[in-house]
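S.K.: Take a look at this one; I'll ask things after.
See the structure below:
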């Protein structure tokens, strides 16, 4: 458009220049004729005398003299000029009246050809008009010079070629970038196959690709971290839920719904129950910023239906927050058991220690004490020391079992010889109480375990039966069944048994059915607890029940080799 405008403007200016140049020549002719008329002092009736000077002008020049009223008095190409029509309406004549001169290119009706006219008005009362035929030769002479158009057109084509070359290179980079974007949208980009042309734009495209690589790598890492978090959220035992600043759910795991339903009176699948139930009023105040606090953390302990929960909330910088519900019932139970065990251990240790201290203080305070009493006190202090040692040993064994297998070596053990050994060790007490001990276990019964723990299972059961079953009873150890993985044992005594209400607590540490029972028998109160832990250590299970004919029956299994 710009080039076309320049060409059109130059064409119009060149044409105007040549036209004005031609009109200057015609004006010279008109002035010459007017000067001739003025010098010769010719009037309109003597115009015919002009024929003598017309010969000096171009032979195709047409001369016309028109009076102010438009009447033609002379025309060198029309013999009967006076008979011509009035020329006052001719364009060049009208222009001459208005501004003393005028020109026009038009078709002559009298001569039946096209002319270029130039007319000039003089104060003497006439208009001199000259004209030259506007033929092909004249048109060619008025045409602008072609060399300018050739130069401009050539420059235009050169610029177009350069622009096409530049735009082609630019378009190549654009198309490569477009292909890269398409591949990136399909998320299967092979960045190594993408190349861009050299140049500044190509360098920019390479930087864009590098940035996308970093973004894609960060996106993959973020997706992996997100997957890890989701797996953690799925597997964690805590109830977890995230909310926006407006209180809308972002994510909640199944434990959150389960534990929330346990705490509320009406079961619901909605995560927003926590904002409505009065049980969580303190949490609701924290979330709504009604509680004056400088901390973004909230923690509360809730106990309901025999279970204990820790309720936590954390507010983030963008106003969003998370709520966690953690079931600490097991932890609370463990804490109480540890507290109770510590109290029981202190209580159990206090008795033999006090006894030992009492006997020793008596011996120290009375150096003249009779020899028999002195020996008696020493023997009693010794018995209490033995009891104390056994108690410490039992506690140490339980602690070792809870810590894991690293403290115990495993070996192949034949059960039947081990039972015979225990029977022999207890034979004095068995004979004293008239207790019959029968072993119904074949020699081939062999398990892989720790000998000390396996022996403690049967030894504690037998010692417990001797201590509490009574006199004139029987003890039977039977391997009554086996499968691919386990041997199943039954340990039976035909003694007094215990009331059903106490059966469920027999394996508890330091549990006493009646006060003083453990101390009377010299037992530590940990025997059956050791039995249970030793069975569990060997991947087995144990249960106890009262026999129909009287006495207790312990049923347990131990893993084979």
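Numbering (this note's numbering), first residue to last: 2 to 562. For glycine and all other residues, C-beta sits at the position ideal for the given N, C-alpha and C. All values reported here derive from a predicted model rather than from experimental measurement.
Would you tell me roughly how many angstroms separate the C-alpha atoms of residue 400 and residue 314, rounded to the nearest one?
M.R.: Their Cα atoms are separated by approximately 37 Å.
S.K.: Comparing C-alpha positions only, which one of 492, 509, 538, 537 sits nearest to residue 553?
M.R.: Residue 553 has its Cα closest to that of 492, out of 492, 509, 538, 537.
S.K.: Using only the alpha-carbon positions, how far apart do residue 336 and residue 505 sit?
M.R.: Straight-line Cα distance between these residues: approximately 20 Å.
S.K.: Just how far apart, CA to CA, sit residue 473 and residue 439?
M.R.: C-alpha separation (whole angstroms): 14 Å.
S.K.: Whose CA, out of 500, 551, 487, 257, lies closest to the CA of residue 561?
M.R.: Minimum Cα distance to residue 561 is reached at 487.
S.K.: How close, in whole Å, do the beta carbons of residue 94 and residue 67 come, if the pair is a contact with beta carbons under 8 Å?
M.R.: The pair is a contact, with the Cβ atoms about 6 Å apart (cut-off 8 Å).
S.K.: Out of curiosity, what's the CA-to-CA distance linking residue 481 and residue 494?
M.R.: So the two alpha carbons sit approximately 16 Å from each other.
S.K.: Measure the C-alpha to C-alpha separation of residue 69 and residue 122 and round it to an integer number of angstroms.
M.R.: Between residue 69 and residue 122, the C-alpha separation is close to 8 Å.
S.K.: Is residue 43 near the ligand PLP, with its Cβ less than 7 Å from a heavy atom?
M.R.: Here there are no bound small molecules, and the ligand PLP is not part of this structure.
S.K.: At which residues does the alpha helix (DSSP H) containing residue 130 begin and terminate?
M.R.: Counting along the chain, residue 130 falls outside any alpha helix (DSSP H), though it belongs to the beta strand (DSSP E) covering 127 to 134.
S.K.: Hey, residue 275 and residue 324: beta-carbon distance below 8 Å or not?
M.R.: Contact: yes.
S.K.: For a quick check, are the C-beta atoms of residue 10 and residue 119 less than 8 Å apart?
M.R.: Their beta carbons are not under 8 Å apart, which means residue 10 does not touch residue 119 by this criterion.
S.K.: Three or more C-beta pairs under 8 Å: does that hold for the segment 413 to 428 against the segment 448 to 461?
M.R.: Output reads yes: the segment 448 to 461 touches the segment 413 to 428.
S.K.: Based on Cα-Cα distance, which residue from 248, 464, 451, 393 lies nearest to residue 426?
M.R.: Of 248, 464, 451, 393, the residue nearest in Cα terms is 464.
S.K.: Measuring CA to CA, which of 508, 334, 383, 273 is closest to residue 355?
M.R.: Selected option, being the one with the closest Cα: 383.
S.K.: To the nearest angstrom, how far is the alpha carbon of residue 82 from that of residue 111?
M.R.: Their Cα atoms are separated by approximately 10 Å.
S.K.: Given that a residue counts as buried once 16 or more other Cβ atoms are within 10 Å of its Cβ, and exposed if not, what is residue 358?
M.R.: The residue is exposed, with fewer than 16 neighbouring Cβ atoms inside 10 Å.
S.K.: Tell me the DSSP secondary structure of residue 377 in three-state form.
M.R.: Residue 377: helix per DSSP, three-state reduction.
S.K.: Could you name the residues of the same chain whose beta carbon sits closer than 7 Å to that of residue 297, not counting the 5 residues immediately before and after it, in chain order?
M.R.: Hits under 7 Å: 315, 316.
S.K.: Can you check whether the CB of residue 364 is closer than 8 Å to the CB of residue 381?
M.R.: No, they are not a contact pair.
S.K.: Where residue 520 and residue 528 are concerned, what is the direct C-alpha to C-alpha distance, given to the nearest angstrom?
M.R.: With a pLDDT of only 45 at residue 520, under the threshold of 50, the placement of this residue in the model should not be trusted; the figure read from the coordinates follows. For residue 520 and residue 528, the distance between alpha carbons rounds to 13 Å.
S.K.: Find the nearest neighbour of residue 247 within the set 289, 351, 233, 162, judged by alpha-carbon distance.
M.R.: The shortest C-alpha separation from residue 247 is found at 289.
S.K.: Count the other CB atoms, across all protein chains shown, that sit within 10 Å of the CB of residue 257; report buried if there are 16 or more and exposed otherwise.
M.R.: So residue 257 ends up on the buried side.
S.K.: What residues in its chain sit with their C-beta under 6 Å from that of residue 164, if we drop five residues either side in the sequence?
M.R.: Excluding sequence neighbours, residue 164 sits near nothing in its chain.
S.K.: Which of helix, strand or coil does DSSP assign to residue 1?
M.R.: Only positions 2 to 562 of the chain appear in this structure, which leaves residue 1 out of reach.
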